[in-house]
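There are 2 protein chains.
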Amino acid sequence: MGITDRKEREKEELKETILKAAKTLFLEKGVEKTSMRNIADRIEYSPGIIYHYFKDKNEIFHALHQEGFKTLSEKMEVLSVIQDPLERLKAMGKIYIKFAMENPDMYDLMFIKEAPLCHVFDSEKEEWIEGGGAFNGLRMTIKQALADGYFPAHESESLAYMVWSTVHGLVSLNIRKRCEVIDITRRENIVSDGLDAFFKLLG
Amino acid sequence: MGITDRKEREKEELKETILKAAKTLFLEKGVEKTSMRNIADRIEYSPGIIYHYFKDKNEIFHALHQEGFKTLSEKMEVLSVIQDPLERLKAMGKIYIKFAMENPDMYDLMFIKEAPLCHVFDSEKEEWIEGGGAFNGLRMTIKQALADGYFPAHESESLAYMVWSTVHGLVSLNIRKRCEVIDITRRENIVSDGLDAFFKLLG
DNA sequence: TGGAATATTAAACAGTGTTTAATTAATTTT
DNA sequence: AAAATTAATTAAACACTGTTTAATATTCCA
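Pasting the structure below:
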């Protein structure tokens, strides 16, 4: 039946409209400072309607959260052509940081904010699927590096976490404006300079 | 005159009481979820009174912020006896992480949350004094390390930022519950294991 | 066309940070 | 000591917030 299909589509459309408006506002003025009424105003509907499409504000957040991970993992796809694990690792770091610096609010949503993660993995103890997939790419690369003789005496899981921590630290301190302590002449490029320093350390 | 002094002291006392109540609640249920009425309830005063001692909620946050930095810098004092810069750097990392893991909510307040930093350095462009002091200790240690021949071809500012980023990343990903991606058998000790991996990389 | 289902809304509820004017208490001045 | 002044404290209000409810408008199918 094409009719029910179209109905479904139209329903999906409004859902999409809500999501788009929410995204704009969330990334513009932050999640906390965006109210349901703000979203409703923007799409020219009453606030109540949103609750027909999303359980609550957190569910909207969660939908955008997933969207962000999809975008990031798409950007990581180009890595498959890089054979050398160390080179791939470095390229990975660059992509990660580029994504974070180009979409700071989305990065914030994905990795810094706290609110709604319970939503993400608490349900059915499925352990944060999106994030797990992304981290697995890093883990595999590290494992291959170890197998190829890089980083002797290291162990994959803690090394992978440490690598992730470094790139996350570089961008999150910057996003959350803790870089005021950095020498002003170095501040502008401190994130990529820090990444280079890390690469130098990796060898 | 002792009388005005005592008055001053009594005034300070209520301020201290507010601060203590706010701290308890902030660290118990988070800053966002603690309302001014909650604080007022706890000290058995009306909500309005708080505004006689603090401009707004942010100012309370800021006061606790400073307190956290004082505590952390006190813990760093023992470092002065360590001569070798690399050893001192490692000890620094351990203290930093220990502080963060023992006071996750305070750490969150100091380095992860975003709200009130404008308060901290925007006033008089004095550039985030507390944080600057703490970072300077790291910077000095790194500079000494470079002077002593450690980390050849590295440069102090970006290296210092990278080191800070790594330890911050290690703890902040953990505090903000992004460690669900880590192998469950390794999860409990992943922060200190990650730190060890970093130390191994430093040499 | 009438009845059922759905979409949408207006209104209410309990909460928020903050400001205001009023009230109580303390201090100083007469 | 009494009155006037100042400070401390409060109750009430304002304009918000997320969410729920019952009522209304719209659409669909028989």
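Line by line, the protein sequences give chains A and B. Using my numbering, read the first sequence as starting at 1 and increasing by one per residue. Using my numbering, read the second sequence as starting at 204 and increasing by one per residue. Note that the Cβ used here is the ideal one computed from N, Cα and C, for glycine as well.
Do residue i and residue j have their C-beta atoms within less than 8 Å of each other?
i          : j          : result
Ile-175(A) : Asp-108(A) : yes
Val-191(A) : Met-101(A) : yes
Ile-142(A) : Val-163(A) : yes
Gly-372(B) : Gly-169(A) : yes
Ile-95(A)  : Val-171(A) : no
Ala-160(A) : Arg-187(A) : no
Leu-89(A)  : Ala-153(A) : no
Leu-228(B) : Met-309(B) : no
If we ignore side chains and look at the alpha-carbon of each, how far apart do residue i and residue j end up?
i          : j          : result
Phe-401(B) : Ile-43(A)  : 49 Å
Glu-277(B) : Leu-376(B) : 25 Å
Asp-325(B) : Gly-93(A)  : Model confidence at Asp-325(B) stands at a pLDDT of 45, short of 50, so the residue's coordinates are unreliable; what they give is reported in the following sentence. Roughly 32 Å between the two C-alpha positions.
Asp-351(B) : Glu-360(B) : 16 Å
Phe-135(A) : Phe-99(A)  : 15 Å
Ser-165(A) : Lys-15(A)  : 35 Å
His-65(A)  : Leu-195(A) : 25 Å
Ser-283(B) : Lys-258(B) : 38 Å
Ser-35(A)  : Leu-404(B) : 46 Å
Ile-82(A)  : Arg-381(B) : 27 Å
Pro-85(A)  : Glu-383(B) : 24 Å
Ile-49(A)  : Ala-21(A)  : 14 Å
Val-234(B) : Ile-112(A) : 16 Å
Asn-306(B) : Ser-46(A)  : 43 Å
Ala-91(A)  : Thr-17(A)  : 35 Å
Met-279(B) : Phe-272(B) : 11 Å
Glu-290(B) : Asn-392(B) : 22 Å
Lys-232(B) : Leu-222(B) : 15 Å
Glu-215(B) : Gly-336(B) : 27 Å
Tyr-51(A)  : Ile-60(A)  : 10 Å
Asn-261(B) : Glu-317(B) : 11 Å
Asp-41(A)  : Asp-244(B) : 35 Å
His-62(A)  : Ile-385(B) : 21 Å
Lys-125(A) : Lys-33(A)  : With a pLDDT of only 44 at Lys-125(A), under 50, the local geometry of the prediction cannot be trusted, and no value is derived from it.
Leu-275(B) : Val-370(B) : 14 Å
Tyr-150(A) : Glu-358(B) : 24 Å
Gly-340(B) : Lys-226(B) : 27 Å
By the three-class DSSP mapping on this structure, what secondary structure does residue i have?
i          : result
Pro-355(B) : coil
Glu-188(A) : coil
Gly-306(B) : Here residue 306(B) is Asn; the residue named in the question, Gly, does not match the sequence. Note: Asn-306(B) maps to coil in three-state DSSP.
Leu-86(A)  : helix
Glu-114(A) : coil
Gly-406(B) : coil
Lys-94(A)  : helix
Asp-311(B) : helix
Ile-175(A) : helix
Ile-345(B) : helix
Asp-399(B) : helix
Asp-183(A) : coil
With 9 Å as the limit, tell me which residues of the region 22-54 of chain A have their beta carbon closer than that to any beta carbon of chain B; keep them in chain order.
Gly-30, Glu-32
Segments of 4+ residues assigned as alpha helix (DSSP H) that fall wholly inside the region 207-279 of chain B:
239-246, 260-279
Residues in the region 359-374 of chain B with C-beta within 8 Å of chain A's C-beta atoms, listed in sequence order?
Glu-360, Ser-361, Leu-362, Tyr-364, Met-365, Trp-367, Ser-368, Thr-369, Val-370, His-371, Gly-372, Leu-373
Can you list, in chain order, the residues of the region 64-76 of chain A whose Cβ is nearer than 9 Å to any Cβ on chain B?
none
Of all the residues that make up the region 377-394 of chain B, which are near chain A by a beta-carbon distance shorter than 7 Å?
Arg-379, Lys-380, Arg-381, Glu-383, Val-384, Ile-385, Asp-386, Arg-389, Ile-393
Please name the residues in the region 295-314 of chain B whose beta-carbon is closer than 7 Å to at least one beta-carbon of chain A, in chain order.
For chain A, the residues of the region 295-314 of chain B that bring a beta carbon within less than 7 Å of one of its beta carbons are Phe-314, in chain order.
For the region 337-358 of chain B, which residues have a CB atom closer than 7 Å to at least one CB atom of chain A, in sequence order?
Phe-338, Ala-356, His-357
With 8 Å as the C-beta to C-beta threshold (strictly closer), list the residues of the region 395-406 of chain B near chain A in chain order.
Asp-396, Gly-397, Leu-398, Asp-399, Ala-400, Phe-401, Lys-403, Leu-404, Leu-405
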